[in-house]
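Read the structure below first, then the notes.
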Amino acid sequence: MSVDKKSSWGSLKLMGGRLLDGDGRASDNVALLIREGRIAAMGDPASRADADETIDAEGCVITPGLVDLCCNLREPGNGQKGNIASESRAAAHGGFTTVCASPETSPVNDSGAVTNLIRDVAATRSPIRVLPIGAITRGLEGDMLSDMAGLAAAGCVAVGNGSRGVRNARILRRCMAYAQTFGLTVMFSPENQALAADGYAHDGLVTSRLGLLGIPEVAETAAVMEMLLLAEETGVRLHLSQLSCARSVEMLAEARRRGIAVTADVAMHQLVFTEEALAGFDSRFHVRPPLRSEQDRKALIAGVREGVIDAIVSQHQPQDTAAKQAPLAATEPGLSSVESVLSLGLELVELNELALPELIRALTSGPASVIGRTASLAEGAVADLCVFDPDAFWTPGDATLVSLGRHAPVTGRELPGVVRLTLVEGLKAWEQPAS
């Protein structure tokens, strides 16, 4: 965080909000007292206590701070697309208190030196907690193993391949075995690169109609099966990142029944949009893995609802204007999404596709458990909190978005859920400006 916390700590009291913990426990009209970065009291003791500042949270939901397992902060790297300061502030606007920084930086985060650089910059410029993910191979090229011991010592909470594949199964097996010796979780975005080839959209009805190059579902499912079998053999903790197919969810559930130590996440846009979003050649929806069918979307939601999928992520990838202003095939994949994740989730709640406790679990305690952390509203817990008004609305656009990437999936559309306050260790990382 960007300030000396202890010198800034005071006491803060939230009054009248509805508490909703990651395990589904809820309490209405409860007071919350925060002192020295922790939840000091709840309920009547909190309401009776004095505080330096009191905030009326009536009508708001108070949850643990949201946790994102996949966020591209673009630093070190191309500053015109974003940086740690801009994108972490955007995350705070979205209610996130912790983000895991993708290893796809420039240079790639494949050494302790780059990890330390990310942590140092985050310590001075980020209002939230930034946890680096290390590259599992040098340069993310999939050939030579990175210095995983050095990455772990420098503070990486996991290692992974970002959005890139590991082409050689023998190297993939070595990566898993090596990570297992250090107790590291490996995060893989499953894609068989030979099967994906030059595709950039789901190999389905829309690609057939528009003449787009497709990526078949088997490009993901074949990689999922390979990774599950290798994880079972090596005993490594495996996390499958950004699943997009119904069959992948089925294989994940079966692997868990066999006792394989595997977790998984899905990007919010995969739960909301389908391949039809590309029907107008809208480059915002050029993402990887691609948006798939309605059947896949429903299966992914069911996976979240049933707890087979542990976490919902933003898969935030800010791009500059030039990266999205080209023929669809030539544009760069990715959505600027971290500020709209909660709102899109609340739309799913309104449609009765997810219950609010299921959404909050997948955004808080679920992802926190993947990286060996907790997200709780218990007395004595670290005061990482998100306070949002589910009945208020906002419209993403140049006047409201904080990220340098303005290619949000819902620009110009009114969305439910305004984040009023984001607290990290009791300090304000985001406060909604007075209207």
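With this note's numbering applied, the sequence shown has no gaps in its numbers, which climb one by one up to 920 at the end.
Glycine included, C-beta positions come from ideal geometry on N, C-alpha and C.
Residue i versus residue j: straight-line alpha-carbon distance, rounded
i, j, result
"residue 805", "residue 690", "30 Å"
"residue 652", "residue 674", "12 Å"
"residue 820", "residue 892", "6 Å"
"residue 698", "residue 842", "39 Å"
"residue 525", "residue 870", "13 Å"
"residue 742", "residue 793", "11 Å"
"residue 514", "residue 872", "13 Å"
"residue 521", "residue 535", "14 Å"
"residue 497", "residue 539", "6 Å"
"residue 918", "residue 543", "17 Å"
"residue 668", "residue 778", "37 Å"
"residue 923", "residue 784", "The requested residue 923 does not occur in the structure, where the chain is confined to residues 486 to 920."
"residue 912", "residue 780", "42 Å"
"residue 596", "residue 622", "10 Å"
"residue 763", "residue 692", "9 Å"
"residue 560", "residue 734", "33 Å"
"residue 633", "residue 598", "12 Å"
"residue 488", "residue 608", "Summary for residue 488: the model assigns pLDDT 44, below 50, so the residue's position carries little reliability; its value from the coordinates is reported in the next sentence. Taking the straight line from one Cα to the other gives about 8 Å."
"residue 773", "residue 683", "12 Å"
"residue 600", "residue 639", "6 Å"
"residue 840", "residue 655", "42 Å"
"residue 518", "residue 796", "28 Å"
"residue 827", "residue 562", "27 Å"
"residue 887", "residue 851", "26 Å"
"residue 500", "residue 611", "27 Å"
"residue 761", "residue 799", "20 Å"
"residue 449", "residue 570", "In this structure the chain extends from 486 to 920, so residue 449 is not present and cannot be described."
"residue 578", "residue 861", "20 Å"
DSSP-derived helix/strand/coil call for residue i
i, result
"residue 688", "coil"
"residue 578", "helix"
"residue 660", "helix"
"residue 566", "coil"
"residue 801", "strand"
"residue 501", "strand"
"residue 762", "helix"
"residue 722", "strand"
"residue 786", "helix"
"residue 532", "helix"
"residue 878", "strand"
"residue 431", "An answer regarding residue 431 cannot be provided, because it is not within the stretch 486 to 920 covered by the chain."
"residue 527", "strand"
"residue 791", "coil"
"residue 873", "strand"
"residue 842", "helix"
"residue 651", "coil"
"residue 816", "coil"
"residue 635", "helix"
"residue 546", "strand"
"residue 856", "coil"
"residue 472", "The structure shown does not extend to residue 472, since the chain is modelled only from 486 through 920, so no value can be given for it."
7 Å CB neighbourhood of residue i in its chain, flanking five on each side removed
i, result
"residue 766", "813"
"residue 845", "505, 507 and 548"
"residue 875", "546, 831, 901 and 902"
"residue 449", "Lying outside 486 to 920, the shown extent of the chain, residue 449 is not represented and no answer is given."
"residue 790", "839 and 843"
Whole-number beta carbon distance between residue j and residue i, since they are thought to touch under 8 Å
i, j, result
"residue 708", "residue 676", "5 Å"
"residue 588", "residue 619", "6 Å"
"residue 724", "residue 643", "7 Å"
"residue 721", "residue 671", "6 Å"
"residue 603", "residue 586", "6 Å"
"residue 680", "residue 701", "6 Å"
"residue 503", "residue 868", "Contact flag wrong, Cβ pair sits at about 17 Å."
"residue 756", "residue 833", "6 Å"
Nonlocal neighbours in the same chain, by C-beta distance under 8 Å from residue i, ignoring five residues either side
i, result
"residue 880", "897, 898, 899 and 900"
Proximal residues to residue i (C-beta, below 6 Å), its chain only, five neighbours per side dropped
i, result
"residue 650", "676 and 678"
"residue 593", "620, 624 and 625"
"residue 728", "749 and 751"
"residue 583", "552 and 614"
"residue 854", "none"
"residue 782", "759"
In DSSP terms, what residue i is bridged to
i, result
"residue 672", "645 and 724"
"residue 861", "The partner list for residue 861 (beta bridge, DSSP) is empty, contrary to what the question assumes."
"residue 512", "504"
"residue 915", "907"
"residue 901", "878"
"residue 551", "581"
"residue 556", "586 and 801"
"residue 538", "497"
"residue 750", "796"
"residue 619", "644"
"residue 630", "622"
"residue 518", "498 and 526"
Within-8 Å CB hit, residue i to chain D
i, result
"residue 685", "No chain D is present in this structure, which holds just one protein chain."
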